[in-house]
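Beneath this line is the structure, given in C-alpha cells, with notes to follow.
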Amino acid sequence: MRPDPGRGAHASLLSSDSSAYTMISFSKMTFAALLVIFPAVTLAEERPTNVTVCDYYAEKIGGSNTVETEKLVMALVLHSSLLGPYSKYNSVPIADFTGALVPTVFNGEYVDLRDYFNGGYASTNTGGSSGVAVNFWDDGGIEAAMQTLPGNGNATANQDRFFNHVYSYFGTFLGCSFIGSVELPAYIGKASMYEVHKFMDLNYAELGYFIDQAVRGLLSIGFTVSDAQYINATLNAVFGERCSQPAAIIPPSAGPQLQAICIADDCPLALNSTCSSYDVVIAPAVANATLVGNYTKAPNGSTSVNTSYTVTTWSTPTPSTSTKSGAGKAVTRLPAIGFTIVGSVLVSMGLL
Ligand code: HEM
C-alpha cells in the first residue's frame, strides 16, 4: 500500500481533471463551488451586514455577545484551524477537515507544518538575522490547546503568548466589540506579518493548506459560506502574495508594514510587487533532526523528503518527546532511496 498523508480524507476534493493527488484549495474556488461542496451549510442564515463577524458568531455560538463568547470564538477559530474538529463547537461536519497540524499533500506538495511550532526548525524571528528554534508547546502543549486554552496559565510561555496574540489579532481583524478589554486585549505582537513569518520561508502549499483548514474550521463552527469565503479571499489576498506592497493592517496605528507570509518562489507575485523591500529568503535550518526527520526546505521553499519513518500523530508537544509516534493518523514516508526528491515530484509520480 502506498503511503498516504491524508489522501483518503481529501478524496472528495480531488480534482478530476488534473493530478489525482491534487487537492483543490479554497483560494481557487468560486463561491458557487463552495456551495456545491458544502450544501449543508448553505442553509445557515446570513449575517446582518451591520453586525461584525466576531459579534455575530459570539452570539450565535455562545448564546449572547459578551467578552467571554467573543474570546471563545477567536479561540475556536485558531484552535480549529490547527486541531480540526476537536471540540463540541465543531458541530457542522466538514469534509477533509483534519486541522493544519496533520501532514497532507496539498496542491501536489507534501506539507508538514508541525516543525514550525515544536522547535524542529530554527524558524522563529527573535530579532536576529536568521531564525531561532522555539517550542510553542511549552505550557501544556496540544492537551491544553484541546481544552481551548492558550496554555496552562504561564503568561511568559511561548505557547500562551502565541495563542493570546493570535486571538487578539483575529479579534481586531473580525471586529470584536470587546477588543481592548482585559479579557480580550488589543494586539501587541509584531505589526508586520512578514517579519513574524519570514524565517519560515512558507511556500504556496503551506500557506494554502493553513488557510484551507482555517476556512473549514470556520464552517465547522457554523460560519456561513459567504463569511468563510470572504475571510478566505481576504487572507489569501493580504498574506498570500509574494513581494506585496506594505499595508497598514493590525494595529493600523503601526502604519504600512510588509505583510506577505507566502514568500517562497512558488507564491504568486503581487500586483505592484516590491521584492526589493523584502530580504532574500532564507530556508529554515533544521534544529532538531529527530523532530523534522530529514524533511527539509530549499531556499526556494520547495520541500524534500529523503528518509523513512512513520508519523502516527501530530501530537508532539515538546522537542524532548523525540518520536513522532503515538495514537493518531498514520503517515508513512518513503523508504530511504539515497537521494532527495522534492515532495511534489513524488506526488506527481504517485509515490506519496
Ligand atoms: C493566514 C495566514 C496567517 C496569519 C494571519 C498569521 C498570523 C499570525 C500572528 C498574528 C502571529 C503572532 C505574531 C506575534 O506574536 O508577534 C503569528 C505567529 C506565528 N505563526 Fe502565523 N499566521 C498565518 C499563517 C501561518 C502559517 C501558514 C504558519 C506555518 C506554520 C504560521 C506559523 C506561525 C508561528 C510558528 C508563529 C509564532 C511566531 C512567533 O511568535 O514569533 N502562521 N501568526
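Taken in order, the sequence shown gives residues 0 to 351; the numbers are from numbering that gives the first Met the number 0.
Think of the CB as a built atom: it goes at the ideal place given N, C-alpha and C, for glycine as much as any other residue.
Straight-line gap, S219 to A269 (C-alpha atoms, nearest Å): On the sequence shown, residue 219 is found 220 positions in, with the first residue counted as 1. On the sequence shown, residue 269 is found 270 positions in, with the first residue counted as 1. Approximately 31 angstroms between the Cα atoms of the pair.
Residue of M145, F172, G139, S167 minimising C-alpha distance to N157: Taking the first residue of the sequence shown as 1, we reach residue 157 at position 158. Proximity to N157 across M145, F172, G139, S167 peaks at G139, based on C-alpha coordinates.
V285 vs V291 beta-carbon contact at 7 angstroms: For the purposes of this step, residue 285 is identified with residue 286 of the sequence shown, where counting begins at 1. For the purposes of this step, residue 291 is identified with residue 292 of the sequence shown, where counting begins at 1. Contact check for V285 against V291 passes: the beta carbons are separated by less than 7 angstroms.
Proximity of M192 and Y115 at Cβ, strictly below 7 angstroms: What you label residue 192 is simply residue 193 of the sequence shown in a count that begins at 1. What you label residue 115 is simply residue 116 of the sequence shown in a count that begins at 1. No, the Cβ-Cβ distance between M192 and Y115 is not below 7 angstroms.
Run of the alpha helix (DSSP H) containing N163, from where it starts to where it stops: Here residue 163 corresponds to residue number 164 of the sequence shown, with the count starting at 1. Per DSSP, the continuous alpha helix (DSSP H) segment holding N163 begins and ends at 157-172.
Start and end residues, alpha helix (DSSP H) containing S79: Along the sequence shown, one-based indexing puts residue 79 at 80. Looking at the DSSP string, the run of the alpha helix (DSSP H) that includes S79 is 66-82.
Close beta carbons around L77, own chain, < 6 angstroms, minus the five adjacent residues each side: As a working note, residue 77 is residue 78 in the sequence shown. Sequence-distant Cβ neighbours of L77 in its own chain, meaning closer than 6 angstroms and more than five residues away, are V165.
Candidates I60, G207, A154, of which the one nearest D111 by Cα: For the purposes of this step, residue 111 is taken as the residue at position 112 of the sequence shown. The shortest CA-to-CA distance from D111 to any of I60, G207, A154 is the one to G207.
One or two residues paired with A121 in a DSSP bridge: Counting from 1 along the sequence shown, the entry for residue 121 is found at position 122. According to DSSP, A121 bridges with A132, A284.
Heavy atom of the ligand HEM within 6 angstroms of V165 beta-carbon: Here residue 165 is taken as the residue at index 166 of the sequence shown, counted from 1. Yes; taking the cut-off as 6 angstroms, the Cβ of V165 has a heavy atom of the ligand HEM nearer than that.
Collapsed DSSP secondary structure at S180 in the structure displayed: Indexing the sequence shown from 1 puts residue 180 at position 181. Assignment of S180 by DSSP, reduced to helix, strand and coil, places it in the coil class.
C-alpha distance - V131 paired with V195, whole-angstrom precision: In the sequence shown, residue 131 corresponds to position 132, counting from 1. In the sequence shown, residue 195 corresponds to position 196, counting from 1. About 12 angstroms.
When A213, N287, I93 are compared against V133, the one with the closest alpha-carbon: Taking the first residue of the sequence shown as 1, we reach residue 133 at position 134. That would be N287, whose Cα lies nearest to the Cα of V133.
Sequence-distant residues of the same chain with beta carbon closer than 7 angstroms to N89, five excluded per side: Numbered from 1 along the sequence shown, position 90 holds the residue referred to as residue 89. So the qualifying residues of the chain are S79, S219, I220.
E108, enclosing alpha helix (DSSP H) - first and last residue: Against the sequence shown, residue 108 aligns to sequence position 109. Run containing E108: none in the alpha helix (DSSP H); it sits in the beta strand (DSSP E), 108-110.
Three-state secondary structure assigned by DSSP to T309: Translated into positions along the sequence shown, residue 309 becomes position 310. With a pLDDT of 40 at T309, under the threshold of 50, the predicted position of this residue should be treated as unreliable, and no value is reported.
Endpoints, beta strand (DSSP E) assigned at V104: The residue you call residue 104 lines up with position 105 of the sequence shown. Run containing V104: 103-105, per the beta strand (DSSP E) assignment.
Range of the contiguous alpha helix (DSSP H) that encloses A59: Your numbering for residue 59 matches position 60 in the sequence shown. Checking the sequence shown, residue 59 turns out to be Lys, not Ala. Here the alpha helix (DSSP H) through K59 covers 52-61.
Proximity below 7 angstroms, CB of S180 to CB of V52: Indexing the sequence shown from 1 puts residue 180 at position 181. Indexing the sequence shown from 1 puts residue 52 at position 53. For the 7 angstroms CB-CB criterion, S180 and V52 do not form a contact.
Backbone CA spacing between P283 and K296 [nearest angstrom]: Counted from its first residue, the sequence shown places residue 283 at position 284. Counted from its first residue, the sequence shown places residue 296 at position 297. For P283 and K296, the gap between their C-alpha atoms comes out near 7 angstroms.
S301 versus A263 - alpha carbon distance: What you label residue 301 is simply residue 302 of the sequence shown in a count that begins at 1. What you label residue 263 is simply residue 264 of the sequence shown in a count that begins at 1. Their Cα atoms are separated by approximately 8 angstroms.
Counted within 10 angstroms of its Cβ, other Cβ atoms place I187 as buried (16 or more) or exposed: Taking the sequence shown and counting its residues from 1, the one referred to as residue 187 is at position 188. Its Cβ having fewer than 16 others within 10 Å, I187 is exposed.
Residue nearest to Q212 in terms of C-alpha spacing, selected from L148, Y168, F162, N231: As a position in the sequence shown, residue 212 is number 213, starting the count at 1. Taking only the C-alpha atoms, the option nearest Q212 is N231.
Every unbroken beta strand (DSSP E) within the stretch 238-307, with a cutoff of 3 residues, ordered by chain: Along the stretch 238-307, the beta strand (DSSP E) occurs as fully enclosed runs of 3 or more residues at 294-296, 302-304, listed in sequence order.
8 angstroms contact criterion, which P245 and Q256 should meet: CB distance rounded: Mapped onto the sequence shown, residue 245 falls at position 246. Mapped onto the sequence shown, residue 256 falls at position 257. Correct: roughly 6 angstroms between the Cβ atoms.
Simplified DSSP assignment, three categories, for S191: Residue mapping note: residue 191 aligns to position 192 of the sequence shown, counting from 1. Judged by DSSP in its simplified three-state form, S191 adopts coil rather than helix or strand.
Inter-residue spacing [alpha-carbon to alpha-carbon] between P250 and A190: Taking the sequence shown and counting its residues from 1, the one referred to as residue 250 is at position 251. Taking the sequence shown and counting its residues from 1, the one referred to as residue 190 is at position 191. The straight-line gap from Cα to Cα measures roughly 6 angstroms.
Span separating the alpha-carbon of S128 from that of A121: In the sequence shown, the residue the question calls residue 128 occupies position 129. In the sequence shown, the residue the question calls residue 121 occupies position 122. If you draw a straight line from the Cα of S128 to the Cα of A121, it comes to about 12 angstroms.
Rounded separation between Y109 and D95 - CA only: Taking the sequence shown and counting its residues from 1, the one referred to as residue 109 is at position 110. Taking the sequence shown and counting its residues from 1, the one referred to as residue 95 is at position 96. The alpha-carbon separation between Y109 and D95 amounts to approximately 16 angstroms.
beta-carbon G188 near the ligand HEM non-hydrogen atom, thresh 6 angstroms: Here the question's residue 188 lines up with position 189 in the sequence shown. At a cut-off of 6 angstroms, the beta-carbon of G188 counts as near the ligand HEM: some heavy atom of the ligand is closer than that.
Rounded straight-line distance, which links the Cα of A204 to that of T125: For the purposes of this step, residue 125 is identified with residue 126 of the sequence shown, where counting begins at 1. For the purposes of this step, residue 204 is identified with residue 205 of the sequence shown, where counting begins at 1. Rounded to the nearest angstrom, the two C-alpha atoms are 25 angstroms apart.
Separation of Q258 from P149, as counted between CA atoms: Position 150 of the sequence shown, counted from the start, is the residue given in the question as residue 149. Position 259 of the sequence shown, counted from the start, is the residue given in the question as residue 258. Our two residues, P149 and Q258, have alpha carbons roughly 25 angstroms apart in a direct line.
Contact set for P184: own chain, Cβ-Cβ below 7 angstroms, skip 5 residues either direction: Taking the sequence shown and counting its residues from 1, one reaches residue 184 at position 185. Answer for P184: S167, listed in chain order.
Status (buried if at least 16 other CB within 10 Å, exposed otherwise) for S63: By one-based count along the sequence shown, residue 63 stands at place 64. Taking all protein chains shown into account, S63 has fewer than 16 neighbouring C-beta atoms within 10 Å of its C-beta and is therefore exposed.
Under the three-state DSSP convention, the category T147 falls into: Along the sequence shown, read from residue 1 onward, the residue named residue 147 stands at position 148. Coil, per DSSP.
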